[in-house]
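Visitor: Let me give you the structure first, and then I'll get to my questions.
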Amino acid sequence: MNGPHDVGGDMAFGPINPEPNEPFFHADWEKRALGLVITAGAMGAWNIDESRRTRESLHPAVYYGSSYYEIWIRGLELLLQRHGFVTANDLKAGLPVDPAATPKRVMKAADAAPAMARGGPCNRPITAPPKFRAGERVRARNMHPQHHTRLPRYARGKLGVVEAVHDGYVLPDTNAHGKGENPERLYTIAFDGRELWGEDGDPTLTVSIDAWESYLEPA
Amino acid sequence: MNGPHDVGGDMAFGPINPEPNEPFFHADWEKRALGLVITAGAMGAWNIDESRRTRESLHPAVYYGSSYYEIWIRGLELLLQRHGFVTANDLKAGLPVDPAATPKRVMKAADAAPAMARGGPCNRPITAPPKFRAGERVRARNMHPQHHTRLPRYARGKLGVVEAVHDGYVLPDTNAHGKGENPERLYTIAFDGRELWGEDGDPTLTVSIDAWESYLEPA
Amino acid sequence: MAHDHHDHDDDHHDNELDPMTARVRALETILAGKGLIDPAAIDAIVDVYENKVGPRNGAQVVAEAWSNPEFADWLKRDATAAIASLGFTGRQGEHMHAVFNTAETHNLVVCTLCSCYPWSVLGLPPVWYKSPPYRSRAVIDPRGVLAEFGMTLPGDTKIRVWDSTAELRYLVVPMRPAGAEGLSKNQLADLVTRDSMIGTGLPKAPAP
Amino acid sequence: MAHDHHDHDDDHHDNELDPMTARVRALETILAGKGLIDPAAIDAIVDVYENKVGPRNGAQVVAEAWSNPEFADWLKRDATAAIASLGFTGRQGEHMHAVFNTAETHNLVVCTLCSCYPWSVLGLPPVWYKSPPYRSRAVIDPRGVLAEFGMTLPGDTKIRVWDSTAELRYLVVPMRPAGAEGLSKNQLADLVTRDSMIGTGLPKAPAP
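Residue numbers (numbering that gives the first Met the number 0), protein chains in the order written: chain A, 0 to 218; chain B, 0 to 218; chain C, 0 to 207; chain D, 0 to 207.
Rendered as structure tokens:
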């Protein structure tokens with residue numbers, strides 16, 4: 000989906016304003032938000048791709064008007080409702096009112112640190128040989144699907160070079176919609192800045208993306 | 000500038016919600032907003048391209064969170080301050096506090112209806128022969144200028160066909176920044192939907208834009 | 000979404016007014032107080048666009064084109080002049096183009112970049128025309144857009160979208176509905192809806 | 000802009016709390032009340048990312064690479080394994096790639112589509128990394144971006160931007176600053192700033 004998250008190349012957001020000695024959290028609610036997103040995700044009802052898809056579905060005015068933790072919380076409320084854990088009644092009351100679906104698991108305190116240290120790898124064995132080889136010129140497909148995808152608009156239709164051929168990885172385009180992991184080979188594709196941005200591009204610039212095989216076509 | 004106004008192809012804005020028997024105005028303030036934009040514009044300090052450039056410079060959260068008349072008023076406040084007619088003090092007080100620049104003219108009530116009926120043509124005589132001819136294949140340049148432009152991002156880098164060759168018209172790219180009218184030949188360029196949107200495009204679709212000569216290059 | 004926000008910088012405004020009323024009133028007060036604008040000129044402009052200029056203008060253009068092949072031909076070749084001959088000129092209509100629906104091709108007008116619209120024949124644009132949902136989707140999913148207006152085109156009808164990126168303004172001339180043969184120009188004009196001149200609708204059918 | 004809005008649908012929340020505190024507290028109350036999450040697990044997660052996982056991890060990786068050519072080579076070939084050998088593994092660091100600055104090329108990491116960041120070596124990302132100004136401009140105007148961090152590269156330095164569009168996570172290994180020859184690994188690690196491992200900064204110069 001061409002949504003508000005896909006900001007590469009936009010120019011209207013103002014200065015970056017890096018904060019010196021920035022703390023990890025700016026308020027206690029951010030700590031709880033982080034923990035809620037992780038512990039609720041640990042219930043096993045959705046995956047990271049569905050989380051991203053849900054955040055991207057926020058109205059652009061909301062997405063651009065919210066801090067990232069706020070985007071996370073708004074996304075989480077949607078995910079919890081979609082999967083039957085929380086209802087609009089619950090949210091209205093600010094209290095558990097309605098019954099909830101049964102989670103696959105509940106993360107216990109003792110499990111938390113080990114789970115963080117373990118992570119969740121997304122590479123998957125894949126037997127098909129790579130369709131593209133390192134050094135080959137490829138074109139990022141000019142695709143505009145209604146579904147979630149990780150091919151940014153600025154790269155679509157553009158010519159690049161395969162810089163690295165990776166393992167198979169879970170395909171976000173299907174995984175985000177509960178349609179399976181469908182692992183595909185992942186590639187690092189390097190684009191000349193002038194290819195991406197024309198004569199306005201920085202001549203010293205190369206930008207790479209990591210692209211699944213179905214995002215690419217022969218040049 | 001790649002700003003929030005350039006929404007062609009975005010998918011996250013929700014339903015269109017046409018309103019049956021919609022009135023021309025939904026509140027009295029909208030009437031005054033329309034009139035203020037037109038009468039303030041009639042002072043002659045800026046042109047329509049600078050107005051557009053100014054609205055496009057609003058933060059995306061503001062642009063997408065505002066009705067169109069609100070965008071107009073926010074833009075007008077910026078224009079009036081840039082040109083010395085209004086100050087932050089004035090706006091804070093809600094009253095005229097500081098002195099103002101002298102307008103070229105003030106539109107009188109009796110002039111209003113005739114001025115509306117007259118309009119303000121933007122075509123300009125141009126002696127150079129057209130660089131492109133009807134039926135010719137051209138490419139919209141992949142340009143990403145910091146300045147105002149009227150070439151939408153969805154068409155940049157795409158192949159189209161010259162469908163019509165028009166007069167010279169004021170070039171927004173310079174006119175919006177007080178850098179002169181620099182009239183250029185205008186063309187209507189038709190793009191196949193599949194060229195714009197790839198395999199996700201509607202096969203029955205053709206989209207045209209009106210493009211100034213410098214937006215185009217030979218195919 | 001349009002009015003989902005508060006303005007935190009509006010604390011100087013009259014608290015009894017909604018924020019936009021207060022904001023616009025303050026601006027008018029400032030500009031009028033400085034002698035930069037004449038509130039009576041605003042009244043006159045509002046009168047033009049509330050009472051005089053609207054889609055009935057365009058409907059007369061279309062009815063004339065339906066009735067008069069010579070006018071239709073003129074409208075095709077030089078819409079600005081042909082439309083001016085009916086008395087419709089002016090702001091946001093200085094450079095008109097008329098695009099004719101046929102059995103093969105349906106036309107749809109949009110301005111993805113702002114709100115360009117042929118004021119002189121259609122009046123001020125509706126809110127949806129100026130808003131991101133229509134502006135964003137008309138160029139990528141016109142059939143989905145038309146469906147939201149209750150319109151379904153045959154699958155093989157070609158769709159031509161005109162994105163008003165410059166100062167040309169587009170008027171869609173819909174096909175004359177069947178059964179309208181004996182009607183007067185005024186009766187024909189009554190069939191012509193605003194949306195049918197944008198491309199998001201079709202003319203009304205004549206009363207049987 | 001981030002907190003410029005009010006939520007009109009928050010009227011059920013405690014009016015004494017700011018809207019996000021109230022909203023998050025309500026959500027935690029609901030989920031804990033239903034037995035779906037354990038608040039103590041949240042405490043434990045916060046402890047990990049507030050006190051244990053942060054850019055000092057990455058600084059140790061860089062210091063090791065600066066000190067040990069074999070490690071540097073391993074880091075180049077298999078960053079995930081090399082980094083794991085120092086004890087840094089886990090969430091948002093499952094698939095690591097290390098990219099080395101040279102005299103010719105400066106590396107810069109971004110995630111235009113969300114906020115992908117190598118948590119296992121850098122901890123949680125700073126606000127600017129997750130926000131549209133950086134995400135939008137890093138890929139089109141990296142020199143303008145670097146200037147906002149007070150960094151100017153020579154005009155002929157090549158800039159390589161890594162947009163983290165998949166699950167690979169990038170760690171920039173900056174060049175070892177001049178004059179750091181005699182320093183211990185811990186002293187070297189002290190020169191390595193978080194921003195120098197994102198590409199928006201350079202390591203500190205050693206004290207003379």
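Cβ atoms here follow ideal geometry from the backbone N, Cα and C, with glycine treated the same way.
For clarity, every value in this text was computed on a predicted model and none was experimentally measured.
Does A/Glu-216 come out as helix, strand or coil in the three-state DSSP assignment?
Guide: In this structure, A/Glu-216 counts as strand in the three-state DSSP scheme.
Visitor: Is it buried or exposed for B/Gln-145, if we count other Cβ within 10 angstroms and need 16 for buried?
Guide: The residue is exposed, with fewer than 16 neighbouring Cβ atoms inside 10 Å.
Visitor: Chain B beta carbons: is any one of them nearer than 9 Å to that of C/Glu-15?
Guide: False, the Cβ-Cβ gap to chain B never drops below 9 Å.
Visitor: Who are A/Asp-27's beta bridge partners in DSSP?
Guide: Per DSSP, none; premise fails for A/Asp-27.
Visitor: Under a three-way DSSP split, which group does A/Glu-162 fall into?
Guide: Strand, per DSSP.
Visitor: Helix, strand or coil: how does DSSP classify A/Trp-45 here?
Guide: Note: A/Trp-45 maps to coil in three-state DSSP.
Visitor: What three-state label does DSSP hand C/Asp-10 in the structure shown?
Guide: For C/Asp-10, the predicted model reports a pLDDT of 42, less than 50, meaning its position is unreliable and no value from the coordinates is stated.
Visitor: Any contact between the region 130 to 147 of chain C and the region 8 to 19 of chain B? By contact I mean 3 or more CB pairs, one from each, below 8 Å.
Guide: Cβ pair count under 8 Å is three or more, so yes.
Visitor: Please determine, among B/Glu-69, B/Thr-53, B/Arg-54, B/Gly-8, the residue with the shortest C-alpha to C-alpha distance to C/Arg-208.
Guide: With chain C running from 0 to 207 in the structure shown, residue 208 of chain C is simply not present.
Visitor: Regarding A/Leu-79 and the ligand HEM, is the C-beta to nearest heavy atom distance less than 8 Å?
Guide: This structure simply doesn't include the ligand HEM, nor any ligand for that matter.
Visitor: Between B/Leu-170 and B/Pro-182, which are expected to be in contact by the criterion C-beta below 8 Å, what is the C-beta distance as a whole number of angstroms?
Guide: Sure, about 6 Å apart at Cβ, within 8 Å.
Visitor: Should the region 176 to 187 of chain C be called in touch with the region 161 to 168 of chain B, which here means at least 3 C-beta pairs below 8 Å?
Guide: No: the two stretches stay apart, fewer than three of their Cβ pairs being nearer than 8 Å.
Visitor: If the cut is a Cβ gap below 7 Å, which residues of chain B does A/Arg-140 touch?
Guide: What A/Arg-140 touches in chain B: Gly-197.
Visitor: If I follow the unbroken beta strand (DSSP E) through B/Phe-190, where does it start and stop?
Guide: B/Phe-190 -> beta strand (DSSP E) spans 183 to 191.
Visitor: Along chain A, which residues have their Cβ under 8 Å away from the Cβ of D/Pro-132?
Guide: Simply Phe-12, Gly-13, Pro-14, Ile-15, Asn-16.
Visitor: In this structure, how does DSSP classify C/His-2 when only helix, strand and coil are distinguished?
Guide: Model confidence at C/His-2 stands at a pLDDT of 40, short of 50, so the residue's coordinates are unreliable; what they give is reported in the following sentence. Of the three classes helix, strand and coil, the one that applies to C/His-2 here is coil, per DSSP.
Visitor: Examine chain A for any beta-carbon lying closer than 9 Å to the beta-carbon of D/Ser-163, and answer yes or no.
Guide: Yes, because at least one Cβ of chain A sits closer than 9 Å to the Cβ of D/Ser-163.
Visitor: Can you name the residues of chain B whose CB is closer than 9 Å to the CB of A/Asp-48?
Guide: Under the 9 Å cutoff, chain B gives no residues; its nearest Cβ is about 17 Å from A/Asp-48.
Visitor: Using a C-beta to C-beta distance shorter than 8 Å, which residues of chain A count as neighbours of B/His-58?
Guide: Those are Ala-11, Phe-12, Gly-13, Tyr-63, listed as they occur along chain A.
Visitor: Going along the chain, which residues of its own chain have a beta-carbon closer than 7 Å to the beta-carbon of C/Val-108, five neighbours each way excluded?
Guide: If we look at C/Val-108 and ignore the five residues flanking it on each side, its Cβ neighbours are Trp-161, Ser-163, Tyr-169, Val-171, Ile-197, Gly-198.
Visitor: In or out: C/Asn-106 buried (at least 16 other Cβ within 10 Å) or exposed?
Guide: It is buried - the Cβ of C/Asn-106 has at least 16 other Cβ atoms within 10 Å.
Visitor: Is it true that the region 46 to 53 of chain D meets the region 54 to 72 of chain A, where meeting means three or more beta-carbon pairs spaced less than 8 Å apart?
Guide: No, they do not touch.
Visitor: So with CB distances below 8 Å, who are the chain B contacts of A/Met-0?
Guide: Going along chain B in sequence order, the residues near A/Met-0 (Cβ under 8 Å) are Met-10, Ala-11.
Visitor: Kindly indicate which three-state DSSP category A/Met-115 falls into: helix, strand or coil?
Guide: If DSSP states are grouped into helix, strand and coil, A/Met-115 belongs with the helices.
Visitor: Note down, one range per segment and in chain order, each alpha helix (DSSP H) of at least 4 residues found wholly within the region 51 to 86 of chain B.
Guide: Entirely contained in the region 51 to 86 of chain B, the alpha helix (DSSP H) runs reaching 4 residues are, in chain order, 59 to 64, 67 to 81.
Visitor: Report the three-state DSSP secondary structure of B/Arg-123 (helix, strand or coil).
Guide: Three-state result, B/Arg-123: strand.
Visitor: By Cβ distance, which residues of its chain are closer than 8 Å to A/Gly-192, with the 5 residues on each side in sequence left out?
Guide: If we look at A/Gly-192 and ignore the five residues flanking it on each side, its Cβ neighbours are Gly-200, Asp-201, Pro-202, Thr-203, Leu-204, Thr-205, Val-206.
Visitor: List the residues that DSSP assigns as beta-bridge partners of A/Gly-167.
Guide: A/Gly-167 pairs with A/Arg-123, A/Arg-184.
Visitor: Measuring only between beta-carbons, confirm whether B/Arg-81 sits less than 9 Å from chain A.
Guide: Not closer than 9 Å to any Cβ of chain A, the Cβ of B/Arg-81 fails to qualify, so no.
Visitor: What's the call for D/Asp-13, buried or exposed, on a 16-neighbour Cβ count within 10 Å?
Guide: With a pLDDT of 47 at D/Asp-13, under the threshold of 50, the modelled position of that residue is not reliable, and no figure is offered here.
Visitor: Per DSSP, A/Val-206 is paired with what?
Guide: Partner(s): A/Phe-190, D/Val-160.
Visitor: Check for me: the beta strand (DSSP E) holding B/Arg-136 runs from which residue to which?
Guide: That run of the beta strand (DSSP E) goes 136 to 139.
Visitor: Which one of C/Asp-17, C/Lys-203, C/Glu-166 has the shortest CA to CA distance from C/Cys-110?
Guide: Nearest option by C-alpha distance: C/Glu-166.
Visitor: Mind pulling the chain D residues with CB within less than 7 Å of A/His-147?
Guide: What A/His-147 touches in chain D: nothing, since even the nearest Cβ is about 10 Å away.
Visitor: With a CB to CB cut of under 7 Å and the five nearest residues on each side skipped, what residues in its chain are close to A/Ala-218?
Guide: So the qualifying residues of the chain are Arg-136, Val-137, Arg-138, Leu-158.
Visitor: For the alpha helix (DSSP H) that contains C/Asn-56, what are its first and last residues?
Guide: Start and end: 54 to 66.
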